[in-house]
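In the UniProt record's numbering, the protein residues as written are 1 to 226.
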């Protein structure tokens, strides 16, 4: 359980919020505090006031996987395998274990065929999946994705969505997205407005409240006309 209490940071103000285990999408207008919330949930920034805990543990004391909107900014190594393996090497994992983990993770994400390529030669979608693999190899307790899907084409975005919905080893996935179809298929949706939680709950509940707005999922509209 993610528990947020008395949180204040920049525009963001959250008095109390409980997010159960699962896949939670965060959405809302530009400048509503989405990225700020994700940076706090990942421990990148410290709140001015309040706290965030996961299963009663401080967010900064647990293993967090973070993937940004611009994966180029976080890729360090020239070789894909070395990039994905880097967190394991920094943590002094044995070489054979590193090989096994990287191979298994890359197969899960469908990128085993690019492990020997240069990271500078990758497409934007491939870089996103490499960054995701790098975050996953350490088996984080929480995976934070900050608009990771914003620059992906339709097909690649669907691949990412299917992978995220199929991950069962991670207790919490927090995904900031402007793709309402992705949010519609998540476990929980958090809608922010001007730094405050406007609506939170199951997708059906949240999007019923957003029915006459631009945030209503196209997929849900099609279901209504079917």
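No residue lacks a Cβ here, since even glycine has one placed at the ideal position from N, Cα and C.
Residue 146 is positioned such that its CB atom lies no closer than 8 Å to that of residue 7.
Around the beta carbon of residue 213, a 10 Å sphere encloses fewer than 16 other beta carbons of the protein chains shown; the residue is thus reported as exposed.
Sequence-distant partners of residue 161 (beyond 5 residues in either direction) whose C-beta falls short of 6 Å from its own C-beta, in its chain, are 182. Within 10 angstroms of the beta-carbon of residue 218 lie fewer than 16 other beta-carbons, which makes it exposed.
The count of Cβ pairs closer than 8 Å, one atom from the segment 14 to 23 and one from the segment 94 to 107, stays below three, leaving the stretches out of contact.
Taking residue 177 as reference, the option from 169, 170, 186 and 171 with the minimal CA-CA separation is 186. Of 136, 180 and 171, the smallest CA-CA separation from residue 157 is found for 180. Assignment of residue 167 by DSSP, reduced to helix, strand and coil, places it in the coil class. Collapsing the DSSP output to three states places residue 73 in a helix. With respect to the C-alpha of residue 68, the residue from 46, 52 and 124 having the closest C-alpha is 124. By the neighbour-count criterion, in which a residue is buried when 16 or more other Cβ atoms sit within 10 angstroms of its Cβ, residue 16 is exposed. Taking C-beta separations shorter than 6 Å and ignoring five residues to either side along the sequence, the partners of residue 199 in its chain run 191, 206 and 209, following chain order. Cβ-Cβ distances below 8 Å link residue 11 to 31, 32, 33, 36, 194 and 195 in the same chain, with the five nearest sequence neighbours on each side left out; the list follows chain order.
In the DSSP assignment, residue 41 falls within the unbroken alpha helix (DSSP H) covering 34 to 41. By the beta-carbon neighbour count (other beta carbons within 10 angstroms, threshold 16), residue 152 is buried.
A distance below 6 Å between beta-carbons, with the five flanking residues on each side excluded, links residue 85 to the following residues of its chain, in chain order: 98 and 102. Counting only residues of its own chain and dropping the five nearest sequence neighbours on each side, residue 5 has a CB closer than 7 Å to the CB of 16, 50 and 51.
Taking the Cα positions, residue 91 is about 23 Å away from residue 167.
Per DSSP, residue 119 lies in no alpha helix (DSSP H) segment and is marked neither H nor E. One Cα belongs to residue 137, the other to residue 58, and the distance between them is close to 22 Å. Under a 10 Å Cβ-count criterion, residue 127 is classified as buried, with 16 or more other Cβ atoms of the shown protein chains found around its own Cβ. Collapsing the DSSP output to three states places residue 11 in coil.
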